[in-house]
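Engineer: Residue numbers (the working numbering), protein chains in the order written: chain B, 17 to 295; chain H, 17 to 295; chain R, 17 to 295.
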Amino acid sequence: MKDSSGETMLNQVCNDLDRIRERHPLVHNITNYVVMNFTANALLALGASPIMAHAAEEMDEMLELAGALVLNIGTLSAAWVDSMFHAATAARRGSVPIVLDPVGAGATRFRTETARRLIMEARPSVIRGNASEILSLAGHFGQPKGVDAVHDTHEAAHAASALARSSGAVVAVTGHEDLVTDGVKLVRINNGHPLMGRVTGTGCAATAIVGAFCAVESDMLIASVGALLAFGVAGEQAARTNPGPGTYQMLLLDALDGLSPALIGMKARIAIGDCTADQ
Amino acid sequence: MKDSSGETMLNQVCNDLDRIRERHPLVHNITNYVVMNFTANALLALGASPIMAHAAEEMDEMLELAGALVLNIGTLSAAWVDSMFHAATAARRGSVPIVLDPVGAGATRFRTETARRLIMEARPSVIRGNASEILSLAGHFGQPKGVDAVHDTHEAAHAASALARSSGAVVAVTGHEDLVTDGVKLVRINNGHPLMGRVTGTGCAATAIVGAFCAVESDMLIASVGALLAFGVAGEQAARTNPGPGTYQMLLLDALDGLSPALIGMKARIAIGDCTADQ
Amino acid sequence: MKDSSGETMLNQVCNDLDRIRERHPLVHNITNYVVMNFTANALLALGASPIMAHAAEEMDEMLELAGALVLNIGTLSAAWVDSMFHAATAARRGSVPIVLDPVGAGATRFRTETARRLIMEARPSVIRGNASEILSLAGHFGQPKGVDAVHDTHEAAHAASALARSSGAVVAVTGHEDLVTDGVKLVRINNGHPLMGRVTGTGCAATAIVGAFCAVESDMLIASVGALLAFGVAGEQAARTNPGPGTYQMLLLDALDGLSPALIGMKARIAIGDCTADQ
Numbered sequence: 017m018k019d020s021s022g023e024t025m026l027n028q029v030c031n032d033l034d035r036i037r038e039r040h041p042l043v044h045n046i047t048n049y050v051v052m053n054f055t056a057n058a059l060l061a062l063g064a065s066p067i068m069a070h071a072a073e074e075m076d077e078m079l080e081l082a083g084a085l086v087l088n089i090g091t092l093s094a095a096w097v098d099s100m101f102h103a104a105t106a107a108r109r110g111s112v113p114i115v116l117d118p119v120g121a122g123a124t125r126f127r128t129e130t131a132r133r134l135i136m137e138a139r140p141s142v143i144r145g146n147a148s149e150i151l152s153l154a155g156h157f158g159q160p161k162g163v164d165a166v167h168d169t170h171e172a173a174h175a176a177s178a179l180a181r182s183s184g185a186v187v188a189v190t191g192h193e194d195l196v197t198d199g200v201k202l203v204r205i206n207n208g209h210p211l212m213g214r215v216t217g218t219g220c221a222a223t224a225i226v227g228a229f230c231a232v233e234s235d236m237l238i239a240s241v242g243a244l245l246a247f248g249v250a251g252e253q254a255a256r257t258n259p260g261p262g263t264y265q266m267l268l269l270d271a272l273d274g275l276s277p278a279l280i281g282m283k284a285r286i287a288i289g290d291c292t293a294d295q
Numbered sequence: 017m018k019d020s021s022g023e024t025m026l027n028q029v030c031n032d033l034d035r036i037r038e039r040h041p042l043v044h045n046i047t048n049y050v051v052m053n054f055t056a057n058a059l060l061a062l063g064a065s066p067i068m069a070h071a072a073e074e075m076d077e078m079l080e081l082a083g084a085l086v087l088n089i090g091t092l093s094a095a096w097v098d099s100m101f102h103a104a105t106a107a108r109r110g111s112v113p114i115v116l117d118p119v120g121a122g123a124t125r126f127r128t129e130t131a132r133r134l135i136m137e138a139r140p141s142v143i144r145g146n147a148s149e150i151l152s153l154a155g156h157f158g159q160p161k162g163v164d165a166v167h168d169t170h171e172a173a174h175a176a177s178a179l180a181r182s183s184g185a186v187v188a189v190t191g192h193e194d195l196v197t198d199g200v201k202l203v204r205i206n207n208g209h210p211l212m213g214r215v216t217g218t219g220c221a222a223t224a225i226v227g228a229f230c231a232v233e234s235d236m237l238i239a240s241v242g243a244l245l246a247f248g249v250a251g252e253q254a255a256r257t258n259p260g261p262g263t264y265q266m267l268l269l270d271a272l273d274g275l276s277p278a279l280i281g282m283k284a285r286i287a288i289g290d291c292t293a294d295q
Numbered sequence: 017m018k019d020s021s022g023e024t025m026l027n028q029v030c031n032d033l034d035r036i037r038e039r040h041p042l043v044h045n046i047t048n049y050v051v052m053n054f055t056a057n058a059l060l061a062l063g064a065s066p067i068m069a070h071a072a073e074e075m076d077e078m079l080e081l082a083g084a085l086v087l088n089i090g091t092l093s094a095a096w097v098d099s100m101f102h103a104a105t106a107a108r109r110g111s112v113p114i115v116l117d118p119v120g121a122g123a124t125r126f127r128t129e130t131a132r133r134l135i136m137e138a139r140p141s142v143i144r145g146n147a148s149e150i151l152s153l154a155g156h157f158g159q160p161k162g163v164d165a166v167h168d169t170h171e172a173a174h175a176a177s178a179l180a181r182s183s184g185a186v187v188a189v190t191g192h193e194d195l196v197t198d199g200v201k202l203v204r205i206n207n208g209h210p211l212m213g214r215v216t217g218t219g220c221a222a223t224a225i226v227g228a229f230c231a232v233e234s235d236m237l238i239a240s241v242g243a244l245l246a247f248g249v250a251g252e253q254a255a256r257t258n259p260g261p262g263t264y265q266m267l268l269l270d271a272l273d274g275l276s277p278a279l280i281g282m283k284a285r286i287a288i289g290d291c292t293a294d295q
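1. Given a cut-off of 9 Å, decide if L81(H) and I46(H) are closer than it, judged by their beta-carbon atoms.
2. Run down chain B in chain order and give the residues with a C-beta less than 9 Å from the C-beta of G299(H).
3. Would you mind telling me which residues of chain B sit closer than 9 Å to L87(H), beta carbon to beta carbon, in chain order?
4. Could you confirm whether any beta carbon from chain B is found closer than 9 Å to the beta carbon of N53(H)?
5. Is it a yes or a no for the region 243 to 258 of chain H touching the region 205 to 214 of chain H, going by three-plus beta-carbon pairs under 8 Å?
6. Name, please, each residue of chain D whose Cβ falls closer than 8 Å to the Cβ of M68(R).
7. Can you tell me the Cα-Cα spacing of I229(H) and A239(H), whole angstroms?
8. Where in the region 147 to 224 of chain B do unbroken runs of the beta strand (DSSP E), each at least 3 residues long, occur, reported from the N-terminal end onward?
9. Among residues of its own chain, excluding the 5 on either side of G217(R), which ones have a beta-carbon nearer than 6 Å to its beta-carbon?
10. At the 9 Å Cβ level, is F126(R) part of the contact set with chain B, yes or no?
11. Let me know the secondary structure DSSP gives P66(B) once reduced to three states.
12. Please confirm if A107(B) has its CB atom under 9 Å from at least one CB of chain R.
13. Do you know whose CA, among L116(H), V215(H), G242(H), lies nearest L275(H)'s CA?
14. Label S21(B) either buried or exposed according to how many other C-beta atoms from any shown protein chain fall within 10 Å of its C-beta, with 16 as the threshold for buried.
15. How close, in whole Å, do the beta carbons of A172(H) and T91(B) come, if the pair is a contact with beta carbons under 8 Å?
16. What first and last residue would you give for the beta strand (DSSP E) that runs through G90(R)?
17. In whole angstroms, what is the alpha-carbon distance linking D98(H) and T223(H)?
18. Starting from the beta carbon of M212(H), find every residue of chain B whose beta carbon is closer than 9 Å, and list them in chain order.
19. Quick one: which residues of the region 213 to 229 of chain R get their C-beta closer than 9 Å to a C-beta of chain B? List them in chain order.
20. Inspect the CB distances between the region 140 to 149 of chain H and the region 111 to 118 of chain H and report whether three or more fall short of 8 Å.
21. Taking only heavy atoms of the ligand PLP into account, decide whether any of them is closer than 8 Å to the Cβ of V29(R).
22. Less than 9 Å between the beta carbons of A185(R) and I135(R), yes or no?
23. Going along the region 236 to 268 of chain R in order, which residues come within less than 9 Å of chain B, judged by CB to CB distance?
24. Name, please, each residue of chain B whose Cβ falls closer than 9 Å to the Cβ of D270(H).
25. For V43(H), which of A95(H), G63(H), L279(H) has the nearest alpha-carbon?
26. What does a CB cutoff of less than 6 Å around L269(R) pick up in its chain, not counting 5 residues either side in sequence?
27. Anyone know if the C-beta pair for T190(R) and R144(R) falls short of 9 Å?
28. Strictly under 9 Å for the Cβ-Cβ distance: is E73(R) near chain H by that measure?
29. Excluding the five sequence neighbours on either side, which residues of its own chain have a C-beta within less than 7 Å of the C-beta of L202(B), listed in chain order?
30. For N48(H), tell me which candidate among L79(H), G120(H), I36(H), E38(H) has the shortest Cα-Cα distance.
31. Where does C131(R) land, buried or exposed, given buried means 16+ other C-beta within 10 angstroms?
32. Beta carbons nearer than 8 Å to chain B: which residues of the region 110 to 140 of chain R have them?
33. I89(R) and V232(R) look like a contact to me (Cβ under 8 Å); what is the Cβ gap, rounded to whole Å?
34. Along the alpha helix (DSSP H) that carries D98(R), what are the first and last residues, could you check?
35. Between the C-alpha atoms of T257(R) and T263(H), what's the straight-line distance to the nearest angstrom?
36. How about M100(R): is its C-beta nearer than 9 Å to some C-beta of chain H?
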């Protein structure tokens, strides 16, 4: 259902996509080893410019060039977490929006605590996770199995709102249905395809794409909705020929490249509500 | 040739594949940077759940969640080797089977000695390597060129049996023909395709897939045979359209996803013998 | 335009391609996390043997096996830079040619200074970069945005010649038009396709392929021309079906595998001049 505020939001999302293609914003990633290549290619396919760098020696200069900073704890170690805090400080100094992907939060104390410290001290503009991760960060400790979600996004709606209010960040939860909330508004996105769960790094790519949208859009709720909507529509387009998961990984990049405002307008399935009504 | 014990083994392999798809066992990998993405996607395509983590801070908790631990020394460094020993201790405490990939053993002393220490101290349930690697570990020092095999698997049969007996591990040697032995039985698998040698990380993926089978099968010989058989049949299926090596990498993931017990039963080319008869 | 010296050079390039397929030279890479998999697959597809290793403990032995050493600072850190110097010393001791990819030189002082130190102390045989990187190293400080080139290769011709003369290395600049110079001769290559810029790591793969050619060709100018020509022709072949950037990444590997001397002879667009005439 697209009400008038939904149409307004869609128009903004489409404008943001155009801006990404015009400006090619530099998205600085401190992310995990597994997904670096796929993340960089996803950003390139969308129209953004990826950079991966973790050395303290160059962090301040890199963040002067960046339009957004993406922090992803997928293969975290103490040294890389230090880099993340260093980068976050530089980003905040330059008013560069920070997007956090708390991969595996809830699975180990190291991940949960690192994610919480990053939320408290780095103060990300957006937190993008799956339901288990968001639940664990909001204090609803589940029993996540590894880094994959075992909770439905519906269960996470309350947790997401609570986390958004306590952290001041927009919280984006991806799953069968995606949710984006700033603690007041709650946007539901029903795009995407089950094959996205059969490719490693699609969640991480979603987070990086949030970074690309944040680099061109000052409203973090709209940026997050735009990213998940764009990625969800790309995910649907890539699945049209019913490919296997290997082929799908490449078709997903092709589909990000092939996204247009018209296609997004045609395929978008979003609903805007508010948190209190929803809870 | 499939004798009655071959049929029994095939049935067990097919049951194990079904179990992987039902249980999605978590396979914990401490592996090399080059293959992390492909390995994760291979495990996902097969039906398992991959996790890559190397930080000491979370190793014990991760291993409580894992169904198998895969150690791969492809881009080893002292710090990562420490992580491997830490993980191995946690795995043994929880009776989690350990699979070792001694990438490049024989090429440098650092690799050979690290692999030997891991065999002695971590006590893997399965060692999966190419002929040169297994020969170097069994004390038959060849002159491996880098990390690729220069010996035929036939030459490695004796070395594999000897290594299996001295280490207590099942030893799996991949090549033109694959061999799996526990030092008593020797299973030969004649599946697979030459294109597998044109894609980086297929050996490493084979090892990870052994991990997935070990997570659902208590007989390590059967688990190893099942993994190499499944991967070999997938390798054949992926080559049917005679693709180039780039396209083949994706089709191999599609084929892992498309594997069925019926297909494995139809395509399997295994022969079960014993080591003394073979030597 | 192919003059007689152009034909001679083309013949040498085609012979070098054949030699790579016959000898499968081992190319040792200390490169960035983002591109390791793609680089290894590009070398394999071409016919070379990739190895990625960064541990000091095994560097000397690895370099005894290697036909070329490729140093790439794409995700540099102090520890990895140390490894690069260690490897360079071992390579020089064994007369193994060194190829440097100064990823992001000019973007941060750490990168510019590391690249300069590597040029001064490791004394690479070839430096392969984009126009911004080469300009920054030649002292013409531009304002590169991240790691992507913002200067045209034409602007870089003078800088490349100057850098070649001051460093003693062959300098290869890739872009819309590729340039290769030893400070005296200047070869222009007009192969390649814009899609190459839409896939992360194509520049890094070009550098690795220079390494493969250097392993079988003693004339570093010819090796560099051969590599960029081979990669450019592969880039054109891969684009024939007008694929998206995801599919293109795989087709590029297929095309490297499918390269033949005849195809290179038919498609090559090179012009040989000299630096003074050009400036």
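Backbone N, C-alpha and C define an ideal beta-carbon position, used for all residues, glycine too. All of these numbers come straight from a predicted model, not from anything done at the bench.
Structural biologist: Short version:
1. no
2. A query on residue 299(H) cannot be resolved here, the shown segment of chain H reaching from 17 to 295 and no further.
3. Per Cβ cutoff of 9 Å: no residues; L87(H) is ~16 Å from chain B at best.
4. yes
5. yes
6. The chain labelled as chain D is not found among the protein chains of the depicted structure, namely B, H and R.
7. Reading off the sequence, residue 229(H) comes out as Phe, not Ile. Each residue's Cα considered, the two are about 5 Å apart.
8. 186 to 190, 194 to 197, 201 to 205
9. V51, F54
10. yes
11. strand
12. no
13. G242(H)
14. exposed
15. Between T91(B) and A172(H) the Cβ distance is about 33 Å, and since that is not below 8 Å, they are no contact.
16. Unbroken run through G90(R): none, as it is neither H nor E.
17. 20 Å
18. Going along chain B, no residue has its Cβ under 9 Å from M212(H), so there is no contact; the nearest lies around 14 Å.
19. G213, R214, V215, T216, G217
20. yes
21. This structure does not include the ligand PLP; it has no bound ligands of any sort.
22. yes
23. P259, G260, P261, G262, T263, Y264, Q265, M266
24. P259, G260, P261, G262, T263, Y264
25. G63(H)
26. N57, A61
27. yes
28. yes
29. A173, S177, L195, G289, D290, C291, D294
30. G120(H)
31. Note that residue 131(R) is Ala in the sequence shown here, rather than Cys. Under this definition A131(R) is a buried residue.
32. G120, A123, T124, R125, F126, R127
33. No, I89(R) and V232(R) are not in contact; Cβ-Cβ is about 25 Å, not under 8 Å.
34. 94 to 109
35. 14 Å
36. no
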